[in-house]
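Here the structure is laid out as structure tokens; the discussion comes afterwards.
Protein chains in written order, with UniProt numbering: chain A, 1 to 279; chain B, 1 to 135.
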């Protein structure tokens with residue numbers, strides 16, 4: 001894999017806005033390994049997949065996104081979301097010409113991990129099971145690369161287990177009745193079998209769906225959170241705290257609710273934050 | 001080229017190469033969640049999926065399988081013709097959802113709150129400066 005250095009767009013996707021600290025920390029990690037990556041995401045930079053039932057609308061959204069990236073003149077597009085990454089390769093770039101190379105963030109950090117290694121000084125005493133899916137790994141070997149990055153953290157242990165959840169990330173299986181619950185039960189069984197104390201998520205939707213497993217007595221952290229912990233960088237997982245709070249509104253606090261807007265909080269966020277755990 | 005042309009062209013190309021042997025169906029971890037697939041058998045389900053790629057109606061079992069696809073990708077590794085079966089399923093999903101303008105053959109779930117929800121979370125987790133630069 002060729003990684004073009006220095007100038008990139010960090011395409012974090014849409015639903016990552018739940019995890020601002022992950023966007024911020026990942027940008028900082030890329031900078032630490034020598035890549036100036038401008039974060040870009042949200043609905044204005046959509047891959048088009050929310051409109052899969054209309055190729056015409058899907059194409060319009062995707063085209064706008066590519067034209068925006070082309071206009072930056074940056075030679076590399078660093079992706080976070082496996083869905084965005086696959087859509088870029090499968091349906092976006094074949095239709096709208098691109099002037100950048102698409103690589104996943106795990107590829108960049110793995111290829112440049114020697115620059116990261118000396119920065120990982122803080123011990124993280126955790127026994128970690130990677131939350132691995134079957135999908136996407138065939139395109140980008142995340143299930144091998146991310147443990148290799150994590151193993152540079154002093155004190156951290158990555159346990160091995162053959163279980164792989166179906167799909168490319170949990171948002172996909174959450175749409176199929178019964179599939180997410182089955183996957184979560186299998187994941188907890190794998191953790192018990194291996195003695196893992198922390199489930200390490202790779203992708204945002206897996207993190208979103210897994211954080212409530214902390215109520216089952218296990219830790220849940222994204223791989224970026226674990227790196228931040230070792231680096232001593234602040235990366236508080238607000239979303240996890242809100243999802244597991246008895247009263248999410250109180251956990252967010254008045255200033256946070258004011259930032260979102262009272263009506264928007266009630267209409268768009270409250271139900272998700274109060275959603276019962278899948279299992 | 002438009003996305004419609006891309007979907008049509010790739011559907012026709014891959015359908016012409018697919019032998020509907022059913023190896024992709026047999027390998028799929030999602031078949032337990034797709035009604036009728038076990039009863040129909042892998043070859044019949046693959047034939048139904050290929051029919052969808054060829055503008056056909058498919059079969060109930062094939063449509064249930066398409067609807068249950070979560071992009072696990074193991075179908076590609078299982079294909080004896082070395083086709084990108086995962087992309088075939090992506091194409092079949094588009095077709096079954098009515099992406100080319102036909103009536104949908106499988107349920108279409110669109111989150112109408114998707115965009116405002118993404119923006120509302122951004123206001124909660126990103127600074128105003130970050131929102132201005134990153135969204």
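C-beta atoms are modelled at their ideal positions from N, C-alpha and C, and glycine is treated no differently.
Residue 222 of chain A sits in a strand when the DSSP states are folded into three classes. For residue 106 of chain A, same chain residues with a beta-carbon under 7 Å away, outside a window of 5 residues either side, are 140, 142, 145, 146 in chain order.
Distances from the CA of residue 8 of chain B to each of B:58, B:127, B:100 were compared; the closest alpha carbon is that of B:100. Collapsing the DSSP output to three states places residue 128 of chain A in a strand. Secondary structure at residue 179 of chain A: helix, using DSSP grouped into helix, strand and coil. By the Cβ neighbour-count rule, residue 117 of chain B is buried, with 16 or more other Cβ atoms within 10 Å of its own. Of the other Cβ atoms in all chains shown, 16 or more fall within 10 Å of the Cβ of residue 61 of chain B; this residue is therefore buried. Among the CB atoms of chain A, none fall inside 7 Å of the CB of residue 89 of chain B. Under the 7 Å criterion on CB atoms, residue 118 of chain B is classed as interfacial with respect to chain A.
The residue among A:149, A:188, A:164 with its C-alpha nearest the C-alpha of residue 216 of chain A is A:188.
Contact between the segment 118-137 of chain A and the segment 189-207 of chain A is present: 3 or more CB-CB pairs across the two stretches fall below 8 Å. Residue state for residue 133 of chain A is assigned as strand, using DSSP reduced to three classes. In the DSSP secondary-structure assignment, residue 6 of chain A is bridged to A:35.
According to the DSSP secondary-structure assignment, residue 11 of chain A is paired through a beta bridge with A:40, A:79. The segment 109-122 of chain A makes no contact with the segment 40-53 of chain A; the number of CB pairs closer than 8 Å stays below 3. Proximity of chain B to residue 173 of chain A at the Cβ level (cut-off 7 Å) is accounted for by 70, in chain order.
Under the three-pair Cβ rule at 8 Å, the segment 32-49 of chain B counts as touching the segment 175-195 of chain A. Judged by DSSP in its simplified three-state form, residue 198 of chain A adopts strand. Contact between residue 53 of chain A and residue 96 of chain A is ruled out by a C-beta separation of about 20 Å, above the 8 Å threshold. CA-to-CA, the gap between residue 18 of chain A and residue 233 of chain A works out to about 19 Å. Taking 8 Å as the upper bound for CB-CB distance, residue 82 of chain A and residue 134 of chain A are not in contact here, some 12 Å apart. Residue 27 of chain B and residue 78 of chain B do touch by the CB rule: their CB atoms are close to 4 Å apart, below 8 Å. Closest in alpha carbon position to residue 3 of chain B, among A:90, A:148, A:78, is A:90.
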